[in-house]
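Taking the UniProt record's numbering, I'd label the letters of the sequence shown as residues 2 to 222.
C-beta atoms are modelled at their ideal positions from N, C-alpha and C, and glycine is treated no differently.
The model shown is predicted, which means the values in this text are computed figures rather than measured ones.
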Amino acid sequence: DERINIAIDGPAGAGKSTVARSVAEALGYIYIDTGAMYRAVTWSAREAGLNVEDDQAVTDLARELEITLAPGPDGQVVLLNGQDITDKIRSRDVNLHVSRVAANDAVRLLLVEMQRKLAADKGVVMDGRDIGSHVLPNAELKIYLTASVQERALRRFRESGDASGITLEQMEREIEERDRKDMERAISPLIRAEGAILLDSTGIPAGEVVSQIVTLGSKKL
Ligand code: C5P
């Protein structure tokens, strides 16, 4: 086969989705944002008034959800049972609760199964936290993309405008807290997978990171 799978993992705000989307575009591959899936379950649970600590209730809800990632005019559109929730899942409320939902093993099992199916035919660029280590351990190219916490917070801060109503310092603290939870959880924590290439994007334009990954990918063909 002429196509490979590319796994891109790393902490929040490292630029994974921007980079992964561009890499997919450059190679004619499909981009899959797995964080959006955890966010969709979290948004739906909060919307339904569930306690995200209630693993059973969140799992029961997740089993009923149909999550679709579809290409849209400005990147990926996230549909939940047909409803467009692309913008809703980027809220501060979701940011604050998603790590707890992502620590729910039954929810992870459901989403990982979907993710593996989506990548079964290769030609996929998938970003997340456990892609290289757990979801696609046989991915031909694995990247661990990071940047300083200051830069990651600044990127997220600029993206959110003043919509979130929090300061840059608070954004930095919340990002650090989310990373800590994602790295310390028992099931599929964020780690640099074996064989993953470390890329630190601090001070490096996204376009440059994209071409590095595309070059690395072409060597794997
Ligand atoms: O990538 P993003 O910041 O949108 O991910 C949101 C959250 O989803 C992460 O903080 C993490 O808790 C969870 N996640 C995960 N495993 C993945 C992708 C995301 O646990 N593969």
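Report the three-state DSSP secondary structure of residue i (helix, strand or coil).
{"i": "residue 39", "result": "helix"}
{"i": "residue 147", "result": "strand"}
{"i": "residue 49", "result": "coil"}
{"i": "residue 154", "result": "helix"}
{"i": "residue 25", "result": "helix"}
{"i": "residue 10", "result": "strand"}
{"i": "residue 122", "result": "coil"}
{"i": "residue 61", "result": "helix"}
For residue i and residue j, what's the separation of their Cα atoms in angstroms?
{"i": "residue 100", "j": "residue 79", "result": "19 Å"}
{"i": "residue 17", "j": "residue 47", "result": "25 Å"}
{"i": "residue 90", "j": "residue 37", "result": "7 Å"}
{"i": "residue 75", "j": "residue 160", "result": "14 Å"}
{"i": "residue 104", "j": "residue 187", "result": "8 Å"}
{"i": "residue 143", "j": "residue 197", "result": "5 Å"}
{"i": "residue 3", "j": "residue 219", "result": "10 Å"}
{"i": "residue 215", "j": "residue 68", "result": "29 Å"}
{"i": "residue 124", "j": "residue 6", "result": "5 Å"}
{"i": "residue 133", "j": "residue 9", "result": "7 Å"}
{"i": "residue 77", "j": "residue 70", "result": "6 Å"}
{"i": "residue 170", "j": "residue 57", "result": "35 Å"}
{"i": "residue 175", "j": "residue 139", "result": "32 Å"}
{"i": "residue 199", "j": "residue 21", "result": "15 Å"}
{"i": "residue 172", "j": "residue 158", "result": "7 Å"}
{"i": "residue 35", "j": "residue 212", "result": "22 Å"}
{"i": "residue 25", "j": "residue 31", "result": "6 Å"}
{"i": "residue 66", "j": "residue 181", "result": "28 Å"}
Is there a C-beta anywhere in chain C that falls below 7 Å from the one on residue i?
{"i": "residue 91", "result": "Looking for chain C here will not work: only one protein chain is present."}
If you compare alpha carbons, which of the options is closest to residue i?
{"i": "residue 155", "options": "186, 204, 216", "result": "204"}
{"i": "residue 189", "options": "198, 218, 113, 176", "result": "113"}
{"i": "residue 93", "options": "144, 43, 165, 159", "result": "165"}
{"i": "residue 217", "options": "14, 57, 27", "result": "27"}
{"i": "residue 12", "options": "196, 197, 184", "result": "184"}
{"i": "residue 98", "options": "31, 120, 41", "result": "41"}
{"i": "residue 128", "options": "120, 24, 33", "result": "33"}
{"i": "residue 23", "options": "95, 86, 206", "result": "206"}
Where do the ends of the alpha helix (DSSP H) carrying residue i lie?
{"i": "residue 218", "result": "207-220"}
{"i": "residue 96", "result": "93-103"}
{"i": "residue 106", "result": "106-119"}
{"i": "residue 176", "result": "169-185"}
{"i": "residue 141", "result": "Taken as a continuous stretch (DSSP letters only), residue 141 belongs to no alpha helix (DSSP H), as it is neither H nor E."}
Taking the beta strand (DSSP E) that residue i belongs to, which residues open and close that run?
{"i": "residue 200", "result": "198-201"}
{"i": "residue 80", "result": "76-81"}
{"i": "residue 71", "result": "68-73"}
{"i": "residue 34", "result": "31-34"}
Can you find a heavy atom of the ligand ZN that lies under 6 Å from the Cβ of residue i?
{"i": "residue 38", "result": "As for the ligand ZN, it is missing from this structure, which binds only the ligand C5P."}
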